[in-house]
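Everything on this sheet refers to the single structure shown next.
Residue numbers (full-length UniProt numbering): 1 to 195.
Okay, here's the thing in structure tokens:
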């Protein structure tokens, strides 16, 4: 059954030519081949500000963010693709997720302080695709894939996304053109299945 898919390019640089952008294109192309409806978000092209206090979190974001989060609201499946920087998601990616989450969009936190938020993203799935220079196996075994776990558990599962899957693509620079072509084909195949 066709799904509505939102593909998020989480590379912080708005310049063209990054492998993360190529992966976003490959996923979107595959989703199109699978007859899925596709929307795109490019985080680097948005006016993403850092939140400074809880009061800001309770107010609506700017109109540009509201327009982009409508794509997430309409999606059955969200794909967030980003490079691993300093062991984690680039800061603008986290800031984008905070902006999108403002004003109770992803979870209603207006209840009692000791009560879990009401999850508003139930019925949606998400896939994280994370690129890195180190071997993916080393990231998993030595570093415990801690930042991916934090994003999966602390952001997406917390607001109701399920299932929350991930794909780790290691040694991106060292893989050469042939290795990167295999990665693109793998991601395109995921897009066809919208998973």
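Glycine residues also receive a C-beta, built at the ideal position from the N, C-alpha and C atoms.
- [ ] Work out the CA separation of residue 157 and residue 1 for me, nearest whole Å.
- [x] Near 24 Å, if we compare the C-alpha coordinates of residue 157 and residue 1.
Open item on the list: Can you find the residues in the same chain that come closer than 7 Å, C-beta to C-beta, to residue 22, ignoring five residues on each side of it along the sequence?
Closed with: Taken in chain order, the residues that qualify are 184.
Task: Coil, strand or helix - residue 130 by DSSP - done: Here residue 130 sits in strand by DSSP.
Open item on the list: By DSSP's criteria, residue 6 is part of a beta bridge. Which residues make up the other side?
Closed with: Per DSSP, the beta-bridge partners of residue 6 are 39 and 78.
Task: Alpha carbon of residue 135 to alpha carbon of residue 112, nearest angstrom - done: Residue 135 and residue 112: Cα-Cα distance of roughly 44 Å.
- [ ] Report yes or no: do the stretch 5–14 and the stretch 23–40 share at least 3 C-beta pairs separated by less than 8 Å?
- [x] Yes: the two stretches touch, three or more of their Cβ pairs being nearer than 8 Å.
Task: Exposure label - residue 14; buried when at least 16 CB within 10 Å - done: With fewer than 16 other Cβ atoms within 10 Å, it is exposed.
Task: Top-ranked residue by Cα proximity to residue 133, from 160, 186, 62 and 86 - done: It is 86.
Task: Close Cβ partners of residue 40 (< 6 Å) along its chain, the five nearest in sequence each way excluded - done: The residues are 7.
TODO: Can you grab the Cα-Cα spacing for the pair residue 76 / residue 123, in whole Å?
DONE: Using only the alpha carbons, I get a separation of about 7 Å.
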